[in-house]
Structure formats: C-alpha cells, structure tokens
Amino acid sequence: MSSNTLRTIVTGGAGFIGSNLVKRLVADGARVTVVDNLWRGTLDNLRRPDGSFVIDVDRDFHKVDLTDFDACKQVIGGADLVYHLADIVGGVHFAFREERFIFRQNLLINTNVLAACMANEIPNYVYVGTACSFPKHLQMIDGIAKLREEQTYPAEPESGYGWSKLMGEYEAELAQRSGKINVGLLRLHNVYGPGVSFDPAHSQALPALIRKAILHPAEPFTVWGSGNQYRDFIFVDDVIDALRLMPSKGMNHGVIQVGSEKATSLREAAELIVQLSGKNIAPVFDEGKPQGDRGRVAVCDRARAILGWSCKVDLKTGLRRTYDWIANQMACPQAA
Ligand SMILES: NC(=O)c1ccc[n+]([C@@H]2O[C@H](COP(=O)([O-])OP(=O)(O)OC[C@H]3O[C@@H](n4cnc5c(N)ncnc54)[C@H](O)[C@@H]3O)[C@@H](O)[C@H]2O)c1
Numbered sequence: 100m101s102s103n104t105l106r107t108i109v110t111g112g113a114g115f116i117g118s119n120l121v122k123r124l125v126a127d128g129a130r131v132t133v134v135d136n137l138w139r140g141t142l143d144n145l146r147r148p149d150g151s152f153v154i155d156v157d158r159d160f161h162k163v164d165l166t167d168f169d170a171c172k173q174v175i176g177g178a179d180l181v182y183h184l185a186d187i188v189g190g191v192h193f194a195f196r197e198e199r200f201i202f203r204q205n206l207l208i209n210t211n212v213l214a215a216c217m218a219n220e221i222p223n224y225v226y227v228g229t230a231c232s233f234p235k236h237l238q239m240i241d242g243i244a245k246l247r248e249e250q251t252y253p254a255e256p257e258s259g260y261g262w263s264k265l266m267g268e269y270e271a272e273l274a275q276r277s278g279k280i281n282v283g284l285l286r287l288h289n290v291y292g293p294g295v296s297f298d299p300a301h302s303q304a305l306p307a308l309i310r311k312a313i314l315h316p317a318e319p320f321t322v323w324g325s326g327n328q329y330r331d332f333i334f335v336d337d338v339i340d341a342l343r344l345m346p347s348k349g350m351n352h353g354v355i356q357v358g359s360e361k362a363t364s365l366r367e368a369a370e371l372i373v374q375l376s377g378k379n380i381a382p383v384f385d386e387g388k389p390q391g392d393r394g395r396v397a398v399c400d401r402a403r404a405i406l407g408w409s410c411k412v413d414l415k416t417g418l419r420r421t422y423d424w425i426a427n428q429m430a431c432p433q434a435a
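Each step along the sequence shown adds one to the number in my numbering, with nothing skipped, and position 175 is 274.
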C-alpha cells in the first residue's frame, strides 16, 4: 500500500503534526481531505510559503467538531485511509488544569472517528498515541527511564490526557480484533518543529521557551520546574516519515513508538535556545511551576524492525529550524 495512491483523510490536519503530514502527502501526489474544527489548528498552517493552500480548501477542508457523531460520520467516509490526529493537546499547565475537559473531548473524538470509519467501511485507520500514556511510576524515577511498548500495562498514566490517548489506542486494538479494519498505532514522544503552536496558553515546552527567548528582555526567560526533568524530543519531519510508512508496513502490528532515544533535560534545551537567540540570557528555573513527568526516553527497536524507520534530525538542527520559523511568524503581523 503506497500512501500517495490512497484517498486519505487527515483529522486534525490543520494542526501542527497534521499540517506537516498533509503537506508531505500532497507533495507525494495524494489527494487529501482535512477535517478539523480549528480549536488549535489554523488554515494558515495549510499554506505554502507563497501563501497558496496545499489543498483545495473549499472542496477538501471540513470544519467539523468531531465530538458530534452525526457530523463526524458525514465527513469521515469515502476514503481508503484515515490518519486520526485530531485531539485536544496542550502544554503541562493546560493539561493538568483542564484534565476532565481534555479526557472527555478526546474520548468522544477518538470513539466517534473510529466508529465512523467502521460504519463507512474505511479499511485503514492510523491512530497517533503519546508517550504520556506510559505508567507514571516509570516516568517519575530519578534517572533515565528507557521505555518499551510492552511496559504500557498495568496502566496508570499521569494525566487525563495520557489516559484519554491510551483509551484511543485500546479501542483501536479492539476494532482491529474484530477483523473489520486494519489498525496502525504510532506512539510519539515530544514532537517539535515548524507549525508548532507557540500560543502561551496551550504551547509545549520548546516552543514556549523559544517564544520567551525571542521576546526577552520584555518577557522573562523562565523554565518551569528544576530544569532537570528530561524529555525525548523528536523533530516533526522524523514523525512524518514514520506516519508515511504506517500504511505499507505498520498496520496490525500493535503499538510502535518513535522518539529520538536521547534524553535532553529542559536545562540543556533552554541553553541551546539561548545560544540560538544570540542574546545574553540567564534562564530562571521556577520550581513553583509544574514540570510534568521527570522523563522518559523511547526504545525504538520496533520502529526499526517493523517500519525500517530511524530518527534523522538532531536536536540542534531541529531547534534552529523551529526557532527560525517561530521568529518569522512572530515578525509577521498577520501571524501575530
Ligand atoms: N505534539 C506532540 O508532542 C505530540 C506527542 C504525542 C502525541 N501527539 C498526538 O499527535 C496528534 C496531533 O498533535 P499536535 O501536536 O499536532 O496537536 P494540534 O493541537 O496542533 O493538532 C490537533 C488538531 O486537532 C484539532 N481538534 C481538536 N479538537 C477537535 C474537535 N473536537 N474536532 C475536530 N478537530 C479537533 C485541533 O484544532 C488541532 O488542529 C494528537 O492526537 C496528539 O495527541 C502529539
């Protein structure tokens, strides 16, 4: 199965990862339909550098709230493949303040999209999970936790977000067992890159720090927590490579995680961002703020063996591209 000959729907296709995926699939020659309610995504994410849209927005974009099953069923149909990326995603502060909202929204979105795929006989469903679904006791140790997919159960994710994403994986596995649909489950670590949200209310650690560095000294360069918590940061192009491999190689193989397999502390990431800014900034570590899990790192043996995938973009290169993109967006009055 080659991704460029399939009629493809990308839910959440106006979001960060979704819009990068749509651009790549269109460049591959695929016809892609995007479904998104623009809760966090934007149509501007689907523009080329010259301002034109990569898809025919009037024909192939549907602004639909996927928590509404009837609306969902109307647009999730007539396709060979659904990449389901729509969900509520945000930074640590938002994720813990709005746990119940996120949990309910994501459960509804995920169950509706999958049920619509099955009702409308779409044969292939790719779901995107998160490393936040690993049990919290494995993430809260001092030291580096190298995690394998089989360590997911017994389950105890740290947040409502992690639980909601795990339930999405679980229901997809149930659907696969029915024999009526092929299911691909790709589980991601912390993704960054051009297209990422840097809106202060919902953004994740790296874009939030980049934004603060660009605004410094008008805004303090504060890192939440001790800075000693670490993450496995993966550049969006590497994620898109893995997503494109899923239809041909990753279906019905259970969860496959992708990450850089490298542990980077927030302190190290902050220092790299300061270097990119060219400014004389001393990061302030605010231990009164939540820092999320202490850390986890992917073991990508399954991604290598099943998909033939490997991570290619190192953090320094990826951060430079992300920094330049955010700086450009902030300099452009339309984006502001
Ligand atoms: N960014 C990461 O680090 C990361 C890590 C692991 C997994 N993921 C998963 O990848 C997927 C994409 O994440 P992202 O970072 O691109 O986030 P994003 O917020 O940029 O994209 C999600 C999209 O879903 C849309 N959406 C939200 N609620 C909706 C609804 N009710 N109906 C229709 N559309 C709705 C949003 O508008 C947005 O465009 C998500 O499923 C997320 O859980 C992301």
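Backbone N, C-alpha and C define an ideal beta-carbon position, used for all residues, glycine too.
- Annotation: W262 is outside any beta strand (DSSP E); the continuous alpha helix (DSSP H) that includes it extends over 259-276.
- Taking 7 Å as the cut-off, one finds no heavy atom of ligand 1 near enough to the beta carbon of I108.
- With a 10 Å radius around the Cβ and a threshold of 16 neighbouring Cβ atoms, L206 comes out buried.
- Rounded to whole angstroms, the separation of the alpha carbons of R146 and V153 is 6 Å.
- Put simply, the region 241-250 touches the region 396-404. At least three CB pairs are less than 8 Å apart.
- DSSP places Y422 inside the alpha helix (DSSP H), whose first and last residues are 414-430.
- Looking at the DSSP output, S364 sits in a beta bridge with Y329.
- Taking the Cβ of D298 as the reference point, every heavy atom of ligand 1 lies at 7 Å or farther away.
- When rounded, the separation of the alpha-carbon atoms in R106 and T132 is 8 Å.
- Its chain contains G294, V335, I339 as the residues whose beta carbon lies nearer than 6 Å to that of N119, once the 5 sequence neighbours on both sides are disregarded; these appear in chain order.
- Annotated as proximal: V282 and A271, with beta-carbon spacing under 8 Å.
- Taking 8 Å as the cut-off, the Cβ atoms of A185 and T251 do not count as close.
- The shortest CA-to-CA distance from L213 to any of S277, H236, E198 is the one to S277.
- The residue among I108, A317, Q428, R366 with its C-alpha nearest the C-alpha of A178 is I108.
- When the Cα atoms are used, G176 and D157 turn out to be separated by approximately 17 Å.
- The region 368-383 makes no contact with the region 216-235, as fewer than three CB pairs between them are under 8 Å.
- Boundaries of the alpha helix (DSSP H) around G117: 115-126.
- Scanning its chain for C-beta atoms nearer than 8 Å, with the 5 sequence neighbours on each side dropped, one finds around P382 the residues F320, T321, V322, G326, R366, A369, E370, V373, in chain order.
- Shown here for W408: same chain residues with a beta carbon closer than 7 Å to its own, the five before and five after excluded, namely D340, A341, L344, V357, A402 in chain order.
- A buried status is given to P306, since no fewer than 16 other beta-carbon atoms sit within 10 Å of its beta-carbon.
- At least one heavy atom of ligand 1 falls within 7 Å of the beta-carbon of G114.
- According to DSSP, residue pairing for Y224 in a beta bridge involves V181, V282.
- Here the C-alpha atom of A194 lies approximately 10 Å from the C-alpha atom of S302.
- Spanning the alpha carbons of P222 and Y182 requires a straight line of approximately 12 Å.
- Around the beta carbon of N209, 16 or more other beta carbons lie within 10 angstroms, which makes this residue buried.
- Look at D385 here: in three-state DSSP terms it is strand.
- A distance below 7 Å between beta-carbons, with the five flanking residues on each side excluded, links R199 to the following residues of its chain, in chain order: G259.
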